[in-house]
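Numbering (the numbering used here), first residue to last: 18 to 427. Just so it is clear, CB atoms sit at the ideal spot from N, CA and C, and this is done for glycine as well.
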């Protein structure tokens, strides 16, 4: 019911109430002004109750439609989970008939399937919570926020910006359910050799027609709907597959994998991942978790505990999205941080003021003192690199060394 219609209805019963209160006593001698006022009040209250009832009925019907849609989505997810569990059972049966080498490989695949099952269950729980909110009439309005790293290459599929948040939400759900979350890799090189040492992993959402959705269209919706954790978890799953593939080709390389504050605080997922790594300890040296500076600064105790659990398994960390350089160098080193990413502009542009207790150009000396490596990101030009080499930075990242490229994990 539009606002205009509601105003018209309210005006109608207000006019009737006024007529009953003032006109009725003048036209009907038996009706005193007091009775007229009472009659007007009754008409006004009755109109309000009627309008409220109509609005409540419409809201209930809308919530029911939303709930039914979520139930369908959850049912589809449950079917996918059942199919995955069936495949897992078949793989277990196949392992019993294979030799020791084959049995080990199938065990790895089964472990990866368990991670994917946990991802599906988490996503299904998120949709159930969304359904409960819809049934209570408190569905939040979605606002798409610009976020993420949105590097773009000329040969990338066309980036599709979706104007309506509800359409973005549908596409995002379908992408997660239909495995249309792609991984792009960008090299991180050692300096001054420019030799590729690591790769950073990014996610891109792909629609049915092959278009790529820009981060500005889905990050905000994902945050509001609690799907950032699902995207992080799927990225981690893809990193594990990349490590398997590169090792099969005798190519040992490590990957920087972003983990949000939401995922770091998800004790259930961290526990499942710890169990997974306990069965596959060789993965730890090849995955470096990137954690945003604000997420670390505002991390609750459970997130710090999960960070320590990962460190005990041999994982190393990188501080990302640095906005100030008042760093606790000893604290970072004690928590197994080995890298700190710094925007090239902070070191090159004197007009940019960066909060720091020491001279920005001396940051590298402090990092060296505590065994931390500096990665300077967003290096775009040769002239910028020449200036940075004078600071003896350890690693560089940016379009000058390579653009993010689509990775195939199959």
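{"Check": "Look up residue 414 in the DSSP assignment and say whether it is helix, strand or coil.", "Outcome": "coil"}
{"Check": "How is residue 61 classed by DSSP in three states: helix, strand or coil?", "Outcome": "helix"}
{"Check": "Could you pull the start and end residues of the beta strand (DSSP E) that residue 30 belongs to?", "Outcome": "Careful: residue 30 lies outside any beta strand (DSSP E), inside the alpha helix (DSSP H) at 20–35."}
{"Check": "Determine the closest residue to residue 351 out of 370, 384 and 376, with distance taken between C-alpha atoms.", "Outcome": "384"}
{"Check": "So, with DSSP's three-state summary, where would you put residue 348?", "Outcome": "helix"}
{"Check": "Tell me whether residue 234 sits in a helix, a strand or coil according to DSSP, three-state version.", "Outcome": "helix"}
{"Check": "Considering only the alpha carbon of each residue, which of 407, 410 and 398 lies closest to residue 416?", "Outcome": "398"}
{"Check": "If I measure Cβ to Cβ from residue 418 and keep anything under 6 Å in the same chain, skipping five residues before and after, which residues do I get?", "Outcome": "204 and 206"}
{"Check": "Distance check for residue 187 and residue 303, CA to CA, integer angstroms please.", "Outcome": "34 Å"}
{"Check": "Is the stretch 60–70 touching the stretch 40–50, taking contact as three or more C-beta pairs under 8 Å?", "Outcome": "no"}
{"Check": "Can you check which of these residues, 245, 213 and 291, is closest to residue 332 by C-alpha distance?", "Outcome": "291"}
{"Check": "With DSSP run on the structure shown, which of helix, strand or coil describes residue 390?", "Outcome": "strand"}
{"Check": "What residue range is occupied by the uninterrupted beta strand (DSSP E) comprising residue 338?", "Outcome": "Note, residue 338: premise wrong, no beta strand (DSSP E); not H, not E."}
{"Check": "Looking at the unbroken beta strand (DSSP E) that takes in residue 396, where does it start and where does it end?", "Outcome": "Careful: residue 396 lies outside any beta strand (DSSP E) and carries neither H nor E."}
{"Check": "Would you mind stating whether residue 406 and residue 209 have Cβ atoms separated by less than 7 Å?", "Outcome": "yes"}
{"Check": "Using the C-alpha atoms, what's the distance from residue 74 back to residue 257?", "Outcome": "50 Å"}
{"Check": "If you compare alpha carbons, which of 341, 184 and 227 is closest to residue 197?", "Outcome": "227"}
{"Check": "Would residue 22 be called buried (16 or more neighbouring beta carbons within 10 Å of its own) or exposed?", "Outcome": "exposed"}
{"Check": "Tell me where the alpha helix (DSSP H) around residue 245 begins and ends.", "Outcome": "245–265"}
{"Check": "For residue 369 and residue 237, what's the separation of their Cα atoms in angstroms?", "Outcome": "27 Å"}
{"Check": "Cutting at 7 Å between CB atoms, please list the residues of its own chain near residue 284, excluding the five before and the five after it.", "Outcome": "319 and 323"}
{"Check": "With three or more beta-carbon pairs closer than 8 Å as the criterion, would you say the stretch 247–267 touches the stretch 341–360?", "Outcome": "no"}
{"Check": "Looking at residue 34: is its Cβ nearer than 7 Å to the Cβ of residue 57?", "Outcome": "yes"}
{"Check": "Look up residue 305 in the DSSP assignment and say whether it is helix, strand or coil.", "Outcome": "strand"}
{"Check": "Excluding five sequence neighbours on each side, which residues of the same chain lie with their C-beta closer than 6 Å to the C-beta of residue 307?", "Outcome": "273, 275, 335 and 337"}
{"Check": "Provide the residue span of the alpha helix (DSSP H) that contains residue 271, from first to last.", "Outcome": "Careful: residue 271 lies outside any alpha helix (DSSP H), inside the beta strand (DSSP E) at 271–275."}
{"Check": "DSSP three-state call for residue 45: helix, strand or coil?", "Outcome": "coil"}
{"Check": "According to the neighbour-count rule (16 or more other Cβ atoms, all chains shown, within 10 Å of its Cβ), is residue 195 buried or exposed?", "Outcome": "exposed"}
{"Check": "With a CB to CB cut of under 7 Å and the five nearest residues on each side skipped, what residues in its chain are close to residue 301?", "Outcome": "294, 330, 331 and 332"}
{"Check": "What span of residues does the beta strand (DSSP E) with residue 204 cover, start to end?", "Outcome": "198–207"}
{"Check": "With distances taken between CB atoms, is the gap from residue 201 to residue 222 smaller than 7 Å?", "Outcome": "no"}
{"Check": "Do you know offhand how far residue 393's Cα is from residue 278's?", "Outcome": "23 Å"}
{"Check": "So what does DSSP say about residue 422, is it helix, strand or coil?", "Outcome": "strand"}
{"Check": "Using beta-carbon positions only, say whether residue 189 and residue 247 come within less than 7 Å of one another.", "Outcome": "no"}
{"Check": "Rounded to a whole number of angstroms, what is the C-alpha to C-alpha distance between residue 413 and residue 286?", "Outcome": "32 Å"}
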